[in-house]
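In the numbering used here, the protein residues as written are 11 to 1284. Remarks on the structure that follows.
Laid out in structure tokens, this is it:
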């Protein structure tokens, strides 16, 4: 079988100095033999005329090479009036001489002239120098290289470069010496990226050949200042050619200006301090508005002070071990801490205090001249033991007793951690929650967890996660084992599961060793490496699960046949997932999924069932050569319902950008017309320029951006939006036209970038105002809006109280609004406590809505909601998969309800005689057993018709139109997502703010964000990633800046789809969706569909990293961190990590030419830089200076991470950080021992056992020693 590859050809142009030759020419002239040209040459020849009278001199040379060679001949030096004449030779047809339009000739010929032409094998060429006097000297410089078809091609540059070729079609070989790639791919079938370097090996220019929509080059440059440090980094600019050639710096600058809206300063620029530390004092971003007004991110490097309050820091100490005893020890002595002061472009100030070990002990933000302090407290082993957010810090500073056990701070505000003797976190307490306990096995793998609700059950419940021998989790569920987390019960036991081919039941398909599970309830079962599980109970071994050939789609490499088992090694081939019912029980019927792959490890077929009777799902995928899906086919079946078959087709341009998406539905046997869901066009930077739906002019939406790629305009017939920004990127105004009216919001923020007020301009009055405590909990909110038909006034004037971060009461100073369309706050209760929470921090009562009870499953997702207020009596019930995907929602209500309730009283279940059931089967939705709608990209299908969304910059659905572009729903929003009362056809469809579903059942009126619910301005449960944002309340929505951010699922590895640095319409975060599948998740909580090539490549790379231990730990650490990293496309250039901006630029095809590695390994290397910066990692050594450039010490850590990833994937280790042009490692940059594969910098602990005879009995003693870290497979 012919193997398919994406070839990456990386060439270095090595300049070979052949020495200077002095040639004395007599009559007849000598012939200079240039020999065989295998690499590029750079030679000087000196011609001396000695015959006496002025005349001419022929310079003749020949080639013995067997390949075509490109040459340039330059005349340099003092020539005494001599000029270069034409060139003659065989074959003359290919000579560039006097007929060259650049050739002047005669006495006007300049003293420096380049002649370019092609030299052919075994030919002799003459070069005439005339007008020379006796003893005058002509210096001739010849430079050139192997010819590949154009005398202006990239390869003919005299600069060093790396050339990367990425074929877009299958090729069998690359014969680059002959200028061909396999079967002669044309320019549209190959991506070419060229990185040029100066003489010091520094990248100075990158060219993406023909990458723009009109197939022109995209050029960007990097400048350096006098000390060799990076200075201006220019944004890419569109060139006027498409040959990949190096362009002059000034020309590249003009390209950048014209391609970025005419901005005169489209570059970022650092300003360094005057020291050898090379620290950046100011960082200017692109844009003349910023640079002309001195708006930069500024950094000052200070130490703590005992006299300046803003530079003072309280010192805390903590005990080691399980118990956490915190002591306040006064303030740090002056000069004991490193302090970094940072100011953004708007002058907002923050401070970071680090001790001498590099640990962050305090972050301080300044708002309205008040310090907001978050303290980090460590034990002597450098374990983080407690975090005190701002309100907790203030309370402890005035009352040290708040550090004691069971204090208000400890119970409601602090983050507290406990560790065992191996420095593993075995318990943690989040604010307002009970303790969470963790139990590990001998191999340091987390086996059991227990949250506060599980601890309170009788018997106590644990969640287990059992890995197989390779560390892959194969079993999850709950059990009732009696465990003591503090006793390290598995200190000497490795817990693992082995597949049992003799079992037929999902619950016992694996044999677990190391522990006996008590009354286990299985939530998920994963199968790897083969398909032996087919035929067990609940998983039929039929065409519904087996691989079947589907014409036009991918072909399976390893299937369910035993003979093909080896082809599936390392792949997830099947899964069983439990259904978690609304009553808290687990359905005995599991849902299965069976996955089949092609020979490149891509899923090409999935067979699964759904929760409906007779429900079957089938998915087929076809890919192009580069791994982009070109067609997807979904088949949905259920008993008593029409089969729904959907076919999506994807078209891409020459640069792998999605240009068209179509959808064709077959409803039963009725084949519907194919519909164009999206036609995309892009600007020269690769950003989305226009999106057209259903071939309708009125559904064409255009996009414009400022110099920083921030969205500035969105324009459509039915909706338009114009945004302006503050210097730091907060949106300062939003002007929009919708429903025939022009409106505007002007926004103001506090010094923490929290929204303070939105001032409305236009018909009516929709002003808002907000205030917050130091954690961002909203303390007051005022909203204006419709109070009656055509009448405007205050609709909400709210005051909130809290216990810790949990809302306790809300009081509305104005009466409820009687309009049916009003979404104003309903103040149904005046109780002393109106909101209550469970032990996991999830809201269980909201008396203002009349919610008397909310129950939750083990995923902290709501199961039952009982509501009884002035207008409604009812219950909402929800069913989920154990992965978190919502399967069903049942609304029950009392149709005869008319009494005035006692708020908080229990509902009368017997009176709930009416109901509506909604079933969610992927993108297909049923209501009362009848097909309601099918969700598609950018809209939905309902009752035989297509409907389309028009969205604003946040992905909010502003307009819904039918297929003819007529408006059927219009919604406008307050900043935090509540809709204006003048919305039209509000009940037409429920997907609105951020594209999320508004659950209005029984007046619930909450948005379902998959991981949790959002109620107006805050979430109802604690953030699953609360430890990312210690200084912010875990219930706050988007750090109270809802105009700038969205919060899809709380994951923090982010991708910008249309540009490496763009803040585009939708942000995508890496993490697991409701099904537990990893990928990039959009605002609707769904996995990104793979329409963008880079998103697909990045998803694959991150998934590959997560297959093994070290890579998984790296990805998860960044995903769970307190920061956000943006991974952007380097557009064919090299990889890079930028810790100041938390950005990675990655080339999915990048490979180190001297230490070959797949792209995912390079990604891991760059992620290591970000991880080191975020975790304040110290490095066990220093890196040298090579060729005058100091290598950053962080490369010690990143090569350590890289080699761990290499080892666990069976890839040869990286021995050095720097290699010369011959592929030999620079010895001073060696990172491992080549013989032992041991790190030269890092150590690991080993336990050495020794047996002694004490009193006649053998006694085993264990000694822990440090030995060099050896890179082995995991």
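Quick reminder that beta carbons are idealized off the backbone N, C-alpha and C, glycines included.
Given this structure, state the Cα-to-Cα distance separating residue i from residue j, to the nearest angstrom.
| i | j | result |
| --- | --- | --- |
| residue 604 | residue 1281 | 34 Å |
| residue 883 | residue 836 | 16 Å |
| residue 1181 | residue 481 | 23 Å |
| residue 325 | residue 782 | 28 Å |
| residue 309 | residue 767 | 29 Å |
| residue 295 | residue 407 | 39 Å |
| residue 1218 | residue 1118 | 7 Å |
| residue 1207 | residue 1185 | 12 Å |
| residue 486 | residue 891 | 13 Å |
| residue 287 | residue 213 | 22 Å |
| residue 1214 | residue 1248 | 11 Å |
| residue 1170 | residue 200 | 21 Å |
| residue 945 | residue 1125 | 31 Å |
| residue 1154 | residue 1135 | 7 Å |
| residue 285 | residue 237 | 11 Å |
| residue 1336 | residue 1018 | Because the chain is modelled from 11 through 1284, residue 1336 falls outside the range shown and cannot be assessed. |
| residue 832 | residue 1023 | 20 Å |
Just grab the DSSP bridge partners of residue i for me.
| i | result |
| --- | --- |
| residue 1226 | 1240 |
| residue 929 | 898, 936 |
| residue 806 | 793 |
| residue 723 | 714, 732 |
| residue 1029 | 1024 |
| residue 675 | 656 |
Please go through the same chain and pick out, in chain order, the residues whose beta-carbon is closer than 6 Å to the beta-carbon of residue i, but skip the five residues on each side of it.
| i | result |
| --- | --- |
| residue 952 | 943 |
| residue 459 | 448, 473 |
| residue 684 | 672, 674 |
| residue 48 | Residue confidence for residue 48 is low, a pLDDT of 40 falling below 50, so the modelled location carries little weight and cannot support an answer. |
Looking only at its chain, what residues have a beta carbon closer than 7 Å to the beta carbon of residue i, apart from the 5 residues adjacent to it on each side?
| i | result |
| --- | --- |
| residue 1205 | 1193, 1227 |
| residue 424 | 396, 397, 398, 402, 441 |
| residue 712 | 699, 700, 725 |
| residue 323 | 314, 341, 342, 347, 363, 371, 372 |
Per DSSP, what kind of secondary structure is residue i in: helix, strand or coil?
| i | result |
| --- | --- |
| residue 1214 | helix |
| residue 422 | helix |
| residue 302 | helix |
| residue 1005 | helix |
| residue 417 | coil |
| residue 1115 | helix |
| residue 62 | At residue 62, the pLDDT of 45 sits below 50, so the modelled position is not reliable; the number obtained from the coordinates is stated separately. It is coil, neither helix nor strand. |
| residue 1193 | coil |
| residue 843 | coil |
| residue 657 | strand |
| residue 1170 | helix |
| residue 612 | coil |
| residue 885 | strand |
| residue 527 | coil |
Return the chain-ordered list of same chain residues with a C-beta closer than 8 Å to the C-beta of residue i, the five sequence neighbours on each side being excluded.
| i | result |
| --- | --- |
| residue 404 | 383, 784 |
| residue 370 | 362, 363, 364, 386, 1186 |
| residue 394 | 386, 387, 388, 427 |
| At least 3 beta-carbon pairs within less than 8 Å: the stretch 514–524 vs the stretch 550–566 | no
| Does the pairing of the stretch 716–732 with the stretch 967–978 give three or more beta-carbon distances under 8 Å? | Taking a cut-off of 8 Å on C-beta distances, the stretch 716–732 touches the stretch 967–978, as three or more cross pairs fall below it.
| message | Check whether the stretch 985–995 and the stretch 730–742 are in contact - that is, three or more C-beta pairs closer than 8 Å. | response | Taking a contact to require three or more Cβ pairs closer than 8 Å, the stretch 985–995 and the stretch 730–742 do not qualify as touching.
| field | Touch test, the stretch 315–329 against the stretch 269–279, Cβ-Cβ under 8 Å, three pairs minimum | value | no
| So does the stretch 904–917 actually touch the stretch 862–874, counting three or more Cβ pairs closer than 8 Å? | Touching, yes.
| query | Just checking, does the stretch 1042–1062 make contact with the stretch 1023–1033 on the three C-beta pairs under 8 Å criterion? | reply | yes
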